[in-house]
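Q: In the working numbering, the protein residues as written are 59 to 649. Even for Gly, the Cβ is constructed at its ideal location relative to N, Cα and C. None of the values given here were measured: they were computed from a predicted structure.
#1: Tell me which same chain residues have a C-beta within less than 7 Å of the C-beta of residue 589, skipping the five on either side of it?
#2: Taking just the CA atoms, how far does residue 344 sit from residue 350?
#3: Identify every residue that forms a DSSP beta bridge with residue 195.
#4: Taking buried to mean at least 16 other C-beta atoms within 10 Å of its own C-beta, is residue 93 buried or exposed?
#5: Which of the three DSSP states, helix, strand or coil, is assigned to residue 644?
#6: In three-state terms, what does DSSP make of residue 162?
#7: Nearest-angstrom Cα distance between residue 469 and residue 91?
#8: Considering only C-alpha positions, which residue in the set 475, 618, 578 and 577 is nearest to residue 630?
#9: Is the distance from the Cβ of residue 292 to the Cβ of residue 311 below 8 Å?
#10: Taking residue 229 as the reference, give the member of 547, 258 and 168 with the closest Cα.
#11: Where does residue 662 land, buried or exposed, given buried means 16+ other C-beta within 10 angstroms?
#12: How would you label residue 636, buried or exposed, when you count the other beta carbons within 10 angstroms and need 16 or more for buried?
#13: Could you work out which residue in 73, 599 and 305 is closest to residue 323 when comparing CA atoms only?
#14: Spell out a yes or no on whether the region 76–87 and the region 231–243 are touching, meaning 3 or more CB-CB pairs, one atom from each, closer than 8 Å.
#15: Where do the ends of the alpha helix (DSSP H) carrying residue 327 lie?
#16: Straight-line CA distance for residue 658 to residue 602?
#17: Report yes or no: do the region 247–256 and the region 198–217 share at least 3 C-beta pairs separated by less than 8 Å?
#18: DSSP three-state label for residue 119, please.
#19: I'd like the span of the beta strand (DSSP E) that includes residue 615, first residue to last.
#20: Mind checking which residues open and close the alpha helix (DSSP H) that includes residue 401?
#21: Around the Cβ of residue 192, are there at least 16 other Cβ atoms within 10 angstroms (buried) or fewer (exposed)?
#22: Examine the Cβ distances between the region 271–288 and the region 377–392 and report whether three or more of them are shorter than 8 Å.
#23: Rounded C-beta distance between residue 649 and residue 428? I'm assuming under 8 Å.
#24: Would DSSP call residue 64 helix, strand or coil?
#25: How do the region 317–337 and the region 367–377 stand: do at least 3 beta-carbon pairs fall below 8 Å, yes or no?
#26: Would you check if there are 3 or more beta carbon pairs closer than 8 Å linking the region 548–559 to the region 580–595?
#27: From residue 233 to residue 500, what distance separates their C-alpha atoms?
#28: Check residue 386 in the structure and name its three-state DSSP category.
#29: To the nearest angstrom, how far is the alpha carbon of residue 616 from that of residue 540?
#30: Are the Cβ atoms of residue 29 and residue 238 separated by less than 8 Å?
#31: Under three-state DSSP, which class holds residue 323?
#32: Name the two residues that bound the continuous beta strand (DSSP E) containing residue 134.
#33: Among the residues of its own chain, which have a CB less than 6 Å from the CB of residue 61, if the five just before and after it don't count?
#34: Using the rule of at least 16 other Cβ atoms within 10 Å of the residue's Cβ for burial, across every protein chain shown, is residue 455 buried or exposed?
#35: Go ahead and pull the three-state DSSP assignment for residue 106.
#36: My assumption, with CB atoms under 8 Å, is that residue 217 sits in contact with residue 129. Please give the rounded CB distance.
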């Protein structure tokens with residue numbers, strides 16, 4: 059690697075020291091210095107450049123990578139215009155608490171150095187103000203000597219729990235200044251001495267209290283949401299649930315618990331919650347909503363727990379709250395709030411439970427009897443829930459357009475035997491009901507921010523994080539979502555990122571159509587007008603043709619269930635055999 063000559067060389071050298079593998083960006087003159095250094099300074103090239111056609115895609119790729127790898131990659135954003143394009147994707151990542159390093163360029167802060175017009179309209183005071191409410195930290199170093207500390211602090215804060223995006227804005231003049239002309243010496247301290255702190259453990263007294271509750275409970279229920287962001291937590295949660303004989307509800311914003319496990323009672327909340335006497339929540343983003351029934355039409359909310367049910371919640375969510383967005387959700391009633399990293403707290407809790415039973419023979423005997431007594435109740439409830447799913451899945455299994463459950467069944471049957479990762483899209487819950495999810499990496503989570511244009515870019519980021527692991531990356535891609543960022547397909551083809559995109563093409567922004575149908579029903583108005591302004595037809599989008607125009611193998615529109623498996627198998631020859639992306643356009647029922 060060459061010795062840094064310019065400020066941007068120093069910046070890229072710092073990215074290497076921080077082990078940043080990829081930098082995604084849509085090119086812009088405000089970071090032309092960094093761009094030059096990325097492609098010229100040092101061999102082999104690292105970070106690897108991922109070329110995108112829109113900043114929302116760049117950030118979504120970093121989002122998916124951060125989820126799957128557990129560490130940040132970089133996304134470069136072209137001054138105020140690129141940053142404004144990226145804001146929705148940044149908000150998605152913020153709501154998901156995903157680590158990423160956002161680097162912005164800006165026109166020279168020294169106004170005498172700005173080019174007429176362009177540098178003026180593309181310079182802000184201070185640029186980070188635009189996104190400060192939904193990043194963990196932002197900075198705009200004023201000298202090259204300040205750059206190393208800014209980068210080190212940004213990385214440290216991004217990966218410290220609770221993780222989140224950070225933003226560093228870099229003056230174009232600083233990027234293009236020669237180091238030998240900089241004012242003062244630029245010292246680059248060893249990166250090893252600026253690492254993140256160890257995550258916080260739970261209060262020992264609180265764990266003792268929680269263990270007593272769980273061991274004395276008649277029907278304990280564990281509700282997990284973001285605990286699985288750390289893959290090692292899943293095995294510990296399985297061990298804890300088995301030890302307690304407690305059912306687990308996986309809220310599915312991360313992979314928290316195998317759906318093949320007999321204690322997985324996800325989907326049976328309506329029956330379980332009114333009977334539970336202790337609820338243990340683990341990193342639940344919206345605990346109030348998770349423990350309530352809500353009516354989408356009237357907005358009325360009814361708590362599901364009975365009076366006297368004790369609730370404990372282990373989370374670090376209170377450590378990262380902003381006032382601009384209400385993504386912190388409604389304040390829930392919690393009897394025992396515990397601020398801790400679940401990856402540390404769960405093993406400690408399990409140990410405390412064991413110690414309490416070992417020290418009290420009477421407690422151990424009563425606990426064993428309660429545990430054995432609830433085993434058949436949970437088994438029967440699990441079987442009944444799955445029987446209902448099976449019956450629902452069989453209704454309309456031969457229909458055209460394809461039923462959503464049928465799409466999930468046919469695709470999972472076609473990829474059986476593959477080591478697959480579902481990077482995006484849960485098909486209205488049918489992926490978890492039908493697919494066998496046994497490994498933490500198999501599901502990366504939903505769209506926590508709700509911003510459209512999310513799925514394709516996130517899937518590419520997940521694929522980058524899984525390079526070299528011989529896994530099939532699968533995206534059940536909603537049609538409306540892809541229409542926001544279709545050029546992500548070009549990035550997939552250009553960089554030969556092997557993702558299998560299966561379109562969930564219901565030819566509608568159906569979430570809004572569903573709301574309009576509810577409004578029509580409540581107001582006694584014609585339901586056949588609910589599709590106005592929501593449906594995507596006349597003309598229908600040719601997604602296969604669109605994908606082929608970007609260089610992606612594609613088939614469709616597929617309208618018959620019997621055609622899906624063959625199309626998937628042909629697509630696998632491209633994705634697995636050639637290492638290229640493929641898209642299948644499947645026309646589906648709305649829900």
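A: Per the coordinate set shown:
#1: Excluding residues up to 5 positions away in sequence, 566 and 571 lie with their Cβ nearer than 7 Å to the Cβ of residue 589 in the same chain.
#2: 10 Å
#3: 224
#4: buried
#5: strand
#6: strand
#7: 45 Å
#8: Comparing Cα positions, the closest option is 475.
#9: Not in contact: residue 292 and residue 311 (Cβ atoms no closer than 8 Å).
#10: Nearest C-alpha to residue 229: 168.
#11: Since the first and last residues shown for the chain are 59 and 649, residue 662 lies out of range.
#12: exposed
#13: Out of 73, 599 and 305, 305 has the C-alpha closest to the C-alpha of residue 323.
#14: no
#15: 327–330
#16: The shown model of the chain, from 59 to 649, leaves out residue 658, and the question about it has no answer.
#17: yes
#18: helix
#19: 611–616
#20: 400–417
#21: buried
#22: Output reads no: the region 377–392 does not touch the region 271–288.
#23: In fact, because the Cβ distance is near 40 Å, the residues do not count as touching under 8 Å.
#24: strand
#25: yes
#26: Short answer: they don't touch.
#27: 40 Å
#28: coil
#29: 17 Å
#30: The chain is shown from 59 up to 649; residue 29 falls before or after that span and cannot be answered.
#31: coil
#32: 132–135
#33: none
#34: exposed
#35: In the three-state DSSP reduction, residue 106 falls in the strand class (E or B).
#36: 6 Å
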